[in-house]
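Everything in the sequence shown is counted per my numbering, starting at 93 for the first residue and increasing by one. Where is the CB? At the ideal position from N, CA and C, for every residue including glycine.
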Amino acid sequence: MIILTIIACIFMYIQAKKVILKSIKSDLGVKTVLISDLHFDISLVDRKKIIDMVSSEEPEIIAITGDLCSNMKNFHKVEDFLRNLSERNSCPILITLGNHDNKIFKNTGYSKEEYIKNLEKTGNFVRVLENDEFEYKDVLFCGLGDIKTNQEDCGKLTKNWHQKAKEKNKKFVLLTHNPDMALHVDSKNAPDIMLAGHTHGGQMKIPFNIEFALLKKDILPKKKIFYGGKEYNGIKMYITSGIGCSGVPFRFRSVAEIAVFKSI
93 MIILTIIACI FMYIQAKKVI LKSIKSDLGV KTVLISDLHF DISLVDRKKI
143 IDMVSSEEPE IIAITGDLCS NMKNFHKVED FLRNLSERNS CPILITLGNH
193 DNKIFKNTGY SKEEYIKNLE KTGNFVRVLE NDEFEYKDVL FCGLGDIKTN
243 QEDCGKLTKN WHQKAKEKNK KFVLLTHNPD MALHVDSKNA PDIMLAGHTH
293 GGQMKIPFNI EFALLKKDIL PKKKIFYGGK EYNGIKMYIT SGIGCSGVPF
343 RFRSVAEIAV FKSI
């Protein structure tokens, strides 16, 4: 039994080091690369490999939907990653913050404003969308801060963005960390697509959805909405499995990915 446990742990550890490129058909007209849940405190995926894979796609937009790190002692890894990613790709890098990023502000005296400022200093094209928007070509990219700490009226923000995109005849892309944000968006103000992470695609994909049914409080994953192209209450979304790990450096039946949205 002990030997089988060791073998299983080795297998899951090796699985956590893998990352794939996943191509997704899109009508946005802007080639967008989505990465999420970098978790540089515990991630086993090589940072240079991520940058190489992203750069090989020659993206027009890079979206990072939160959970870069959980502790400021590892923030230098985030800075190094963003600096090199920015140097290799002369395109906007749009970031929303996740629940792990927000733990930093809760557990230390480090302010969110300072954190955002230091993120944006890593490259000329790095922009943090904390309840903010960014126009690129015919797309309005809008970012909502993490649902667990967001103090803004997310329904009102998405309504305003939806109206603005309609008036300007632009696509509306909503970036946020937790897919449960869909619960706060009226289907009448739905984006063309919502891009999110947080769930790790079910990092430990145990049968009967046990990870989410019993161990997590998130709502949509309990309805088996935790990975891939989904729709809930008229909200179309893509939930990426992300890059890193949370809790333990293991993955089981869930592979880290870099999602690429392009015309195919």
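Verify whether the separation of the beta carbon atoms of residue 176 and residue 143 is less than 9 Å.
-> Contact: yes.
Report buried or exposed for residue 246, applying the criterion of at least 16 other Cβ atoms within 10 angstroms of its Cβ.
-> That one is buried.
Flag this pair as touching only if the segment 267 to 277 and the segment 162 to 179 have three or more C-beta atom pairs under 8 Å; answer yes or no.
-> Contact fails between the segment 267 to 277 and the segment 162 to 179, because fewer than three Cβ pairs, one in each stretch, are under 8 Å apart.
Can you give me the start and stop residues for the alpha helix (DSSP H) that residue 41 sits inside?
-> As displayed, the chain neither begins before 93 nor continues past 356, which places residue 41 out of reach and without an answer.
For residue 266, which residues of its own chain have a beta-carbon under 6 Å away from its beta-carbon, when the five flanking residues on both sides are left out?
-> So the qualifying residues of the chain are 234, 283, 286.
Residues bridged to residue 296 by DSSP?
-> For residue 296, the beta-bridge partners assigned by DSSP are 344.
Fully enclosed by the segment 217 to 266, which alpha helix (DSSP H) runs are 4 residues long or longer?
-> 246 to 259, all fully within the segment 217 to 266.
Residue 182 (DSSP reduced to helix, strand or coil) | Coil, per DSSP.
Tell me where the alpha helix (DSSP H) around residue 211 begins and ends.
-> Residue 211 -> alpha helix (DSSP H) spans 204 to 212.
Could you check which residue in 141, 93, 240, 230 has the C-alpha nearest to that of residue 256?
-> Of the residues 141, 93, 240, 230, the one whose Cα lies closest to the Cα of residue 256 is 230.
Out of 271, 236, 95, point me to the one whose CA is closest to residue 403's CA.
-> What the structure shows of the chain is the stretch from 93 to 356, and residue 403 is not part of that stretch, so it cannot be assessed.
Put residue 135 into one of helix, strand or coil per three-state DSSP.
-> The answer is coil: DSSP assigns residue 135 none of H, G, I, E or B.
Measure the CB-CB distance between residue 238 and residue 200 and report whether it falls below 9 Å.
-> Cβ atoms of residue 238 and residue 200: not closer than 9 Å.
N- and C-terminal bounds of the beta strand (DSSP E) containing residue 331 = If you look at residue 331, you'll find it in the beta strand (DSSP E) that goes 327 to 331.
Cβ-based neighbour list, residue 345, same chain, cut-off 6 Å, excluding 5 preceding and 5 following | Closer than 6 Å at Cβ, skipping near neighbours: 297.
May I have the straight-line CA-CA distance separating residue 207 from residue 219, to the nearest angstrom?
-> Each residue's Cα considered, the two are about 12 Å apart.
Alpha carbon to alpha carbon, how far is residue 350 from residue 129? Give it in angstroms, no decimals.
-> Their Cα atoms are separated by approximately 11 Å.
Spatial distance of residue 248 from residue 215 (CA atoms) | Looking at the backbone, the Cα of residue 248 and that of residue 215 are separated by about 31 Å.
Find the nearest neighbour of residue 104 within the set 353, 354, 341, judged by alpha-carbon distance.
-> Selected option, being the one with the closest Cα: 341.
Report all residues from its chain with a CB closer than 7 Å to the CB of residue 319; omit the five preceding and five following residues, and keep chain order.
-> Result list for residue 319: 291, 293, 294, 331, 333, in chain order.
For the alpha helix (DSSP H) that contains residue 117, what are its first and last residues?
-> Note, residue 117: premise wrong, no alpha helix (DSSP H); beta strand (DSSP E) at 111 to 117.
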